[in-house]
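Visitor: After the C-alpha cells below, expect a handful of questions from me.
Number of protein chains: 2
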Amino acid sequence: MTPASNDAARYLEFAMDVIEQAGAIALKYFRTELEVINKAKKREYDPVTRADREIEEYIRGRIRETFPNHAIIGEEFGYQSGGSPYSWLIDPIDGTKGFITGSPMWGVLLGLMEAEYCITGLLRQPFLGETYYGSPAGAFLLDHAGRTPLKTRDTRSMDEAIVCCTHPGMFLTEDARRGFDRAARSCAFTRFGTDCYGYALLARGFVDLVVEGDLEAYDIVPLIPIVEGAGGIVTDWQGGSANRGGTVVAAANRALHARTLELLNS
Amino acid sequence: MTPASNDAARYLEFAMDVIEQAGAIALKYFRTELEVINKAKKREYDPVTRADREIEEYIRGRIRETFPNHAIIGEEFGYQSGGSPYSWLIDPIDGTKGFITGSPMWGVLLGLMEAEYCITGLLRQPFLGETYYGSPAGAFLLDHAGRTPLKTRDTRSMDEAIVCCTHPGMFLTEDARRGFDRAARSCAFTRFGTDCYGYALLARGFVDLVVEGDLEAYDIVPLIPIVEGAGGIVTDWQGGSANRGGTVVAAANRALHARTLELLNS
C-alpha cells in the first residue's frame, strides 16, 4: 500500500467502527417515547431529539480523540476548526422525522473530506443492520449477508425511471418546485419519504434518481462516495458540486443525469 | 368460549398461518430483479409483479381449501362468490411501488368480513418480521419481541399531530387536494411514502393520522380492525364507513378525527 491508500484504509476502518457504535445509540432510542424539540428556524418544523445530540457528541468525541487536527461539521453542534486538510461531516440522524415516526427510512451519516473532496462516506441504518459506504476502494453494502459491491442501474429512458425525494415541500422557490414537477412527471413514478435511504436505494440499483432541495452539506456529502462509487453521479441542479447542499440531483448514470438537469432547468 | 368466539379464534389462527406463508413468498422476491408490468387503467402507473400474483394465488388456494363457501376479493384476481356471510379481502402486496424500490414500507394484507363488518384484519411485513393484527380479542403486534398490544396515542392538538399519506398525488379531485392540504398544513408535519405501514405506525402510537384518497376496499378494510382495536377510528372523509375505500381518514382518537373531518370538508 502507498502511504495515501494506507491512510484511506485507516480512515475507513475508524469510520466503520464509529458509525456502528453511533447506530447502536440511535437504536437505543428508536421506537421509544422521546421528547421531540422543534428547533425550526428556517423550516416550519425541524425536530431534534436526545438521540441526535447523544450520537453527534459521541462521534465528535471519537474524532477529537483520534484525529485532533481534523475539523468537524455536525448538524447539531456546528463547526469546529482543525488545522489539516481533513474535515468530518456528521448528520447524527438524517431523517429525524422518519425516526420519530417509527419508520426505518433514516440513517447515521459520516463523511471525511480532504480539502474539497469527500474521500470516505458512510450511511448506517442500524434497525435494518445495514452500512453503505464508499471510499477509494469502492462502494459497498455491509449487512447480514456480508459485503456486496454497490452498482447503480443502467435505465436510460426517463419514463422508466423511479425518482425519490424526501418531501414535495422541500423546494424553496417556485422555480425549483416547477423544475421538480417537470422531472417527476417525466418519470415512471415518484417515491417520497426517503431521506438518506433514497440514495442507498439508488446505489443498490433499485431506483434511478433522487431529486431534492434545501439540503445541508452534512445531508449529502457523506452520500456522494456511496452513489459515485456505485457508478452514479451527484451534483447540484446546475451540474456543479453538491458539496454545499442546496438543490441536489443524484442519478444512476450520466444519461439520466443530463436529461434530468435539462428538465429541472428548462 | 361461545361458538362465535370459537369461530373467531379459528379464523384468526388460519389467517395468521396463511399470511406468514404469504410473507415468505414476498420475501423471496423482495430486492431481486423482478419484471414489473404496468397494469395502469385509471392510474398513471400501477405496477404488478410475479410476487403479487403468486401471493394472491397462494392465499386464494388456502381459503378455497379451508372455507369453500367464503367469498374472496383480491387485488389481482377479482371477486369469487361464496354462499355464506363471510368474505376475504386480499392485497397481496400493498405498496408495490415501495416493494419494487427496495423500501420496507409495504405489507401483505388479509381481512375477513362478516357481512359488512371486518372481524379480523392482518398486515404482515416479512422483511421486518412484523405482523399487525386486529380481531375481537384486540389488536396486537407480533414480532421478535413477542406479542405487544397496540395502542394509539392521545394527541389532542392538531398542531402536534403527525400525518401520513402514501403520495400527495393520490387525491382525485381538486376539492380533495385542497382538503388534504388544509389538514396537512394544520399538523406538525406530513410523512409521505407510507402505504399500509402508515396505519401500523398509527396503531403503534408513533403517528396520529393517515389521510388518503383513491383507495380500494382491499387497501383499507384489513387495516380497520388493527387501527380500531388499538383505540383509533377509521372512516371515509364524510365520517361514514371506509369499507368501500375511496377517501379515508384514520385517526388516533375521536378528537383528532373530528377536527380532521372539519378541515377536510371546510
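Chains S and H, in that order, give the protein sequences. Each residue of the first sequence is one higher than the one before, starting from 25 at the first, in the working numbering. Each residue of the second sequence is one higher than the one before, starting from 25 at the first, in the working numbering. We put the CB at the ideal spot given by N, CA and C, even for glycine. Note that the structure is a prediction, hence the values are computed from the model and not measured.
1. Contact criterion: CB-CB distance below 9 Å. Does Lys121(H) meet it with respect to chain S?
2. Mind listing the chain H neighbours of Phe218(S)? Cutoff is C-beta to C-beta under 8 Å, in chain order.
3. When we look at the beta-carbon of Ile87(S) and count the other beta-carbons within 10 Å, is it buried (16 or more) or exposed?
4. So that I know if they touch, is there some Cβ in chain H lying closer than 9 Å to that of Pro192(S)?
5. Comparing alpha-carbon positions, which option in Asp115(S), Ser290(S), Gly255(S) and Met182(S) lies nearest Ala227(S)?
6. Taking the beta strand (DSSP E) that Ala95(H) falls in, what are its first and last residues?
7. Can you confirm whether the segment 244-262 of chain H touches the segment 158-178 of chain H when touching is taken to mean that 3 or more C-beta pairs between the two stretches lie within less than 8 Å?
8. Is the CB of Leu79(H) under 9 Å away from at least one CB in chain S?
9. Reducing DSSP to helix, strand and coil, say where Phe216(S) ends up.
10. What are the residues of the segment 185-214 of chain S that lie near chain H, defined by any Cβ-Cβ distance shorter than 7 Å?
11. Would Ile61(S) pass as an interface residue toward chain H - the criterion being a Cβ-Cβ separation below 9 Å?
12. Answer with buried or exposed for Ala359(H), where buried requires no fewer than 16 other C-beta atoms within 10 angstroms of its C-beta.
13. Give every residue of the same chain whose Cβ lies closer than 6 Å to the Cβ of Arg77(H), excluding the five residues on either side of it in the sequence, and list them in chain order.
14. Reducing DSSP to helix, strand and coil, say where Gln45(H) ends up.
15. Arg228(H) touches chain S at which residues, Cβ-Cβ below 9 Å?
16. Determine, using beta carbons only, whether Leu136(H) comes closer than 9 Å to chain S.
17. Do you know how far the Cα of Asp183(H) is from the Cα of Asn62(S)?
18. Does Pro150(H) pass the burial test, meaning 16 or more other C-beta atoms within 10 Å, or should it be called exposed?
19. Restricting to Cα atoms, I'd like to know which of Ile79(S), Leu239(S), Val60(S) and Ala279(S) is closest to Ile71(S).
20. With 9 Å as the threshold, decide whether the Cβ of Glu252(H) is near any Cβ in chain S.
21. Roughly how many angstroms separate the alpha carbons of Ile79(S) and Gly269(S), rounded to a whole number?
22. Among the residues of its own chain, which have a CB less than 6 Å from the CB of Gly122(H), if the five just before and after it don't count?
23. Any beta carbon from chain S within less than 9 Å of Val231(H)'s own beta carbon?
24. Just the Cα atoms here: how many angstroms apart are Glu37(S) and Asn277(S)?
25. Rounded to whole angstroms, what is the Cα-Cα separation between Thr120(S) and Glu154(S)?
26. Quick check on DSSP: helix, strand or coil for Phe195(H)?
27. Asp178(H): buried (16+ other C-beta within 10 angstroms of its C-beta) or exposed?
28. Quick check: is the beta carbon of Tyr69(H) nearer than 9 Å to any beta carbon in chain S?
29. Have a look at Gly237(H) and Ala207(H) and give me their C-alpha separation to the nearest angstrom.
30. Going residue by residue through the segment 157-212 of chain H, where are the continuous beta strand (DSSP E) segments of at least 3 residues, counting only ones entirely within it?
31. With a threshold of 8 Å on Cβ separation, who are the neighbours of Thr190(S) within its own chain once the five nearest residues in sequence on each side are excluded?
32. At a CB-CB cut-off below 8 Å, which residues of chain H make contact with Leu225(S)?
33. For Leu152(H) and chain S, any beta-carbon pair shorter than 9 Å?
34. Taking Cβ positions only, does Tyr221(H) come closer than 9 Å to chain S?
35. For Thr259(S), list the residues DSSP reports as bridge partners.
Guide: So, to answer that:
1. yes
2. For the sequence presented, residue 218(S) should be read as Thr rather than Phe. The contacting residues are Ser127 and Gly217.
3. buried
4. yes
5. Gly255(S)
6. Ala95 to Gly98
7. yes
8. This sequence places Ile at residue 79(H); Leu is not what is there. No, because no Cβ of chain S sits closer than 9 Å to the Cβ of Ile79(H).
9. strand
10. Ile186, His191, Pro192, Ala212 and Phe213
11. no
12. Here chain H comprises residues numbered 25 to 290, so residue 359(H) is not present and cannot be evaluated.
13. Glu100
14. helix
15. Arg55 and Gly126
16. no
17. 12 Å
18. buried
19. Before going further, note that residue 71(S) is Pro rather than Ile in the sequence given. Minimum Cα distance to Pro71(S) is reached at Val60(S).
20. no
21. 22 Å
22. Met129, Trp130 and Asp219
23. yes
24. 29 Å
25. 18 Å
26. coil
27. exposed
28. yes
29. 13 Å
30. 162-167, 170-173 and 186-189
31. Gly119, Phe216, Gly217, Thr218, Asp219, Gly222 and Glu236
32. Thr125, Gly126 and Ser127
33. yes
34. yes
35. Val273(S)
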